[in-house]
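Participant: 780 is the number that my numbering gives to position 117 of the sequence shown; each next residue is one higher, with no gaps. Don't be surprised by glycine CBs; every beta carbon is placed ideally from N, CA and C. It should be emphasised that the depicted structure is a prediction, and the values quoted were computed from it without experimental measurement.
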Amino acid sequence: MILTAQKAPNFTASALLPNGKIIHDFNMLKYAKKKYILLFFWPLDFTFVCPSELLEFNTLYEEFEKRNVCLIGISIDSVYTHHAWVHTDLKNGGIGLMKYPLISDLTRNIQSIYGIEHPNLGISLRSSFLIDRDHIVRHQSVNDLPIGRNIHEILRIIDALQFHEKNGEVCPANWTSGKKGIIASPEGIRNYLTQKYKNHIKK
Numbered sequence: 664m665i666l667t668a669q670k671a672p673n674f675t676a677s678a679l680l681p682n683g684k685i686i687h688d689f690n691m692l693k694y695a696k697k698k699y700i701l702l703f704f705w706p707l708d709f710t711f712v713c714p715s716e717l718l719e720f721n722t723l724y725e726e727f728e729k730r731n732v733c734l735i736g737i738s739i740d741s742v743y744t745h746h747a748w749v750h751t752d753l754k755n756g757g758i759g760l761m762k763y764p765l766i767s768d769l770t771r772n773i774q775s776i777y778g779i780e781h782p783n784l785g786i787s788l789r790s791s792f793l794i795d796r797d798h799i800v801r802h803q804s805v806n807d808l809p810i811g812r813n814i815h816e817i818l819r820i821i822d823a824l825q826f827h828e829k830n831g832e833v834c835p836a837n838w839t840s841g842k843k844g845i846i847a848s849p850e851g852i853r854n855y856l857t858q859k860y861k862n863h864i865k866k
């Protein structure tokens, strides 16, 4: 399922909050208010690639905060399994306390409405959704289970979206923060290409 450029499905579910409290009426849009949202799914707690991703999101949490992005993570585990995982030491396969909420999708309803359920295993694929302040999905990525995400690439995509919103320019291949964008017009792309790829121009 492709949700990019469509309204993000909202949901209400049980959640383990960063303060350690468990609630059963967590609502994605109410929690995020008017922030951007980076909604990410991982397959299962106490597994192998997943803790490295959650810890990397946690390490870079302040970078998301700087960009006014609300991090929300989801798996099919119960909130009590989430609670056990964050209270298990890293050397025993735990992840420690997280700075963002961990949502329980026991019914598998959320992964279903986001279209990222594994075809055979009933768990989610390794998926991320960038949702803007109007609740439109602006980017989505879906990895198969063995392939971990690049969290810095997610930050780059957020930077690209916010650059476009601020300047109206579009972001070319391999764009990173601080580089030039392209004015979205025939003249704009001609100017960009002749400057960027001048060595390719036939003399």
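Nearest CA to the CA of Lys842: which residue from Leu666, Pro849, Arg819, Asn862?
Facilitator: Selected option, being the one with the closest Cα: Arg819.
Participant: Using 8 Å for Cβ pairs, my map puts Asp768 next to Ser804. What's the rounded Cβ distance?
Facilitator: At roughly 18 Å, the Cβ-Cβ gap does not stay under 8 Å, so Asp768 and Ser804 are not in contact.
Participant: Using a 10 Å radius around the Cβ and a threshold of 16 neighbouring Cβ atoms, would you call Gln669 buried or exposed?
Facilitator: Gln669 is exposed by the Cβ-count criterion.
Participant: If I'm right that Ala634 touches Cys733 with Cβ under 8 Å, what's the distance once you round it to whole angstroms?
Facilitator: The structure shown does not extend to residue 634, since the chain spans only 664 to 866, so no value can be given for it.
Participant: In angstroms, rounded to a whole number, what distance separates the CA positions of Ile799 and Glu716?
Facilitator: Distance between the alpha carbons of Ile799 and Glu716 is about 24 Å.
Participant: Closer than 8 Å by C-beta to Leu666: which residues in its own chain qualify, once you throw out the five before and the five after it? Chain order, please.
Facilitator: Taken in chain order, the residues that qualify are Pro672, Tyr777, Gly778, Phe792, Val800, Gln803.
Participant: Nearest-angstrom Cα distance between Pro809 and Phe704?
Facilitator: Straight-line Cα distance between these residues: approximately 14 Å.
Participant: Can you grab the Cα-Cα spacing for the pair Thr854 / Asp822, in whole Å?
Facilitator: The amino acid occupying residue 854 in the given sequence is Asn; Thr does not appear at that position. Distance between the alpha carbons of Asn854 and Asp822: 23 Å.
Participant: At what residues does the beta strand (DSSP E) containing Ala678 begin and finish?
Facilitator: Residues 675-679.
Participant: Quick check on Asn721: does DSSP put it in helix, strand or coil?
Facilitator: Helix.
Participant: Within this structure, are the beta carbons of Pro764 and Ala678 separated by less than 7 Å?
Facilitator: Closer than 7 Å, so yes.
Participant: Given a threshold of 16 other Cβ atoms within 10 Å of its Cβ, counted over all protein chains shown, does Pro782 qualify as buried or as exposed?
Facilitator: Exposed is the call here.
Participant: Alpha carbons only, please: which of Ile735, Lys729, Val749, Phe689 is nearest the one belonging to Pro714?
Facilitator: With distances taken between Cα atoms, Pro714 lies closest to Val749.
Participant: So, using beta-carbon positions, are Ile735 and Leu702 closer together than 7 Å?
Facilitator: Closer than 7 Å, so yes.
Participant: When you compare each of Asn755, Glu719, Arg789, Ile773 to Met761 by their alpha carbons, which one comes out closest?
Facilitator: Nearest of Asn755, Glu719, Arg789, Ile773 to Met761, Cα basis: Glu719.
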